[in-house]
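Those protein sequence lines, which keep their order, are chains F and R.
This note's numbering puts the first residue of the first sequence at 7, with every later residue one more than the last.
This note's numbering puts the first residue of the second sequence at 8, with every later residue one more than the last.
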Amino acid sequence: MLDDEGKKYTTISIPTPLAEKIKKRIKGTGFTSLSSYVTYVLREIVSGKKEESEEAFTKEDEKKVRERLRALGYLE
Amino acid sequence: MIQPHGGKLIDRNIKNKKYETSKLPKFEINTNIAEDILNIANGVFSPLEGFLCKNDLENVLKEKRLESDCPWTIPILIDFDNQEIKNVKEGETIALTNNETGLKSLMEIEEIYACDKKNLAQTVYKTDDPKHPGVANVYNMKEKILGGKISVIDCKIREFDKYNLTPKETRFLFKEKGWREIVAFQTRNPPHIGHEYVQKTALTFVDGIFINPIIGKKKVGDFTDEVILASYETLMQHYYLKERAVMSILRTTMKYAGPREAIHHAIMRKNFGCTHFIVGRDHAGVGNYYGPYDAHEIFSEFPDLGIVPVFFRSFFTCTKCGSVVNDKICPHDQQFHINFSGKKIRELLVNGQVPPEDMMRKEVSETILKFKKPFVE
Chain F
7 MLDDEGKKYT TISIPTPLAE KIKKRIKGTG FTSLSSYVTY VLREIVSGKK
57 EESEEAFTKE DEKKVRERLR ALGYLE
Chain R
8 MIQPHGGKLI DRNIKNKKYE TSKLPKFEIN TNIAEDILNI ANGVFSPLEG
58 FLCKNDLENV LKEKRLESDC PWTIPILIDF DNQEIKNVKE GETIALTNNE
108 TGLKSLMEIE EIYACDKKNL AQTVYKTDDP KHPGVANVYN MKEKILGGKI
158 SVIDCKIREF DKYNLTPKET RFLFKEKGWR EIVAFQTRNP PHIGHEYVQK
208 TALTFVDGIF INPIIGKKKV GDFTDEVILA SYETLMQHYY LKERAVMSIL
258 RTTMKYAGPR EAIHHAIMRK NFGCTHFIVG RDHAGVGNYY GPYDAHEIFS
308 EFPDLGIVPV FFRSFFTCTK CGSVVNDKIC PHDQQFHINF SGKKIRELLV
358 NGQVPPEDMM RKEVSETILK FKKPFVE
């Protein structure tokens, strides 16, 4: 299949719940369509880039966990 | 730090340990299900917040995914007989308790339903043979399944708890150690030299190894939990760098679901904060129900799993190479190969004999032989 600019595209099927999630996620972003987002994400995956996030620990949580890990000998 | 499965680490623990449950219908559940509840509450089973409802169960069976599209391969279910729950209705909250674990928990009943046991067994275990231990458990399930969220009020301190870290704790620990890439090794046996090679080969490429023995119901003839932990303590003390290896237990029941269970095992380790997961030969298999590398192949169905599987073929000693190798690196004929036979090591240990040092570390053998009853009877 060719688009207006003559680029080759193929059609893929994705689960409907996933599509719905993506549609919600791209609202208000620079992505103009589901396809443009999927293409972006797939390229990112293929290139092997990893997504990481920081854990949200409250000060109280952190204190408790640190104390327990020390008591068990996992931390010095 | 790697994201928990589904993006959020679930915590279903109620802070108020005196939460009043006296007016709720109360049910004493078995320890296996109690362990599932604790695993849900502590985030080991993230993103699950409770037991599967029917739509999720059907999706897990057909697609190996939750209804939300999140990869999930093993149904987490709670079953009751008709009589037991005849007065329980959807929308109600019930109390679930277990003596052995001291569990006090709540379940918000979202759905009460039945399932086709034969289809469940065939789909998850790829067989409906009642001799398969997982299939037998399915056939022994009661008529009704309850779906809905759980919350844990309390549980007691138990044996081995000094090795029992929650995902929240392991994630904190890995961060404190400065580990960014962590490989998880799942085990249910004491380590022989082949295991050590697998672990150390994987460790070479990451920052730390998370040795995560499964503690819980086992088959007759399996090594006891005490033996597994003591033997790993010994191995780590003598042959691992303290700053590169951590051991913590996982309390769960082996399902012996082969490839599907390999995915489940990887998901749990992702929730503990691991970036890589070692998948060996016939992972979570039993008998001859699965091909030796079925548990490797299934990972190709999950590009979005979020944890990297590290596939290993078995290590063996090659007398021609003069070292421990595997079939990817050794060009020599099988006649030069000596396998690390778990069966042979077990036979020697049963007879009180120390296995050869090229099969099992002397310190590890000695640790095992100190136990009067090293096997489950």
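Glycine is no exception: its CB is placed at the ideal position from the N, C-alpha and C atoms.
For S238 of chain R against P197 of chain R, the beta-carbon gap comes to about 4 Å, under 8 Å, which counts as contact. For E74 of chain R, the C-beta contacts it makes with chain F under 9 Å involve P23, in order along the chain. Uninterrupted alpha helix (DSSP H) stretches at least 4 residues long and entirely within the segment 147 to 228 of chain R occur at 174 to 184 and 200 to 210, given in chain order. At least 8 Å separates the beta-carbon of Y297 of chain R from that of H139 of chain R.
Any Cβ of chain F closer than 8 Å to the Cβ of E304 of chain R would place that residue at the interface, and such an atom is absent.
In the DSSP assignment, the residues bridged to Y120 of chain R are R:I152.
The beta carbon of E188 of chain R is closer than 6 Å to those of V213, D214 and T282 in its chain, skipping five residues each way along the sequence. For I36 of chain R, no beta strand (DSSP E) segment is defined, and its DSSP state is neither H nor E. For the pair I160 of chain R and V190 of chain R, the Cα-to-Cα distance works out to about 32 Å.
Counting only unbroken stretches of 3 or more residues, the beta strand (DSSP E) elements lying wholly within the segment 29 to 92 of chain R are 33 to 35 and 85 to 87, in sequence order. Among the residues facing chain F, P78 of chain R is not included, as its CB has no counterpart in that chain under 8 Å away. With respect to the C-alpha of Y132 of chain R, the residue from R:D229, R:N144 and R:V332 having the closest C-alpha is R:N144. Segment contact: the segment 80 to 90 of chain R against the segment 36 to 50 of chain R, three or more CB-CB distances shorter than 8 Å; contact assigned. Using beta-carbon distances, P310 of chain R counts as an interface residue toward chain F, with a partner under 8 Å. In the DSSP assignment, P316 of chain R falls within the beta strand (DSSP E) that extends over V315 to F318.
Close partners of E65 of chain R in chain F (Cβ separation under 8 Å) are lacking, with about 13 Å as the shortest Cβ gap. Counting only the Cα atoms, E370 of chain R lies some 8 Å from H245 of chain R. In the three-state scheme derived from DSSP, where H, G and I count as helix and E and B as strand, A252 of chain R is classed as strand. Chain-ordered, the chain F residues with CB closer than 8 Å to the CB of F179 of chain R read E61, F63, E68, V71, R72 and L75.
Straight through space, the alpha carbons of A48 of chain R and F318 of chain R are spaced by roughly 30 Å.
Counting only Cβ-Cβ distances below 8 Å, L81 of chain F has contacts in chain R at L180 and E183, in chain order.
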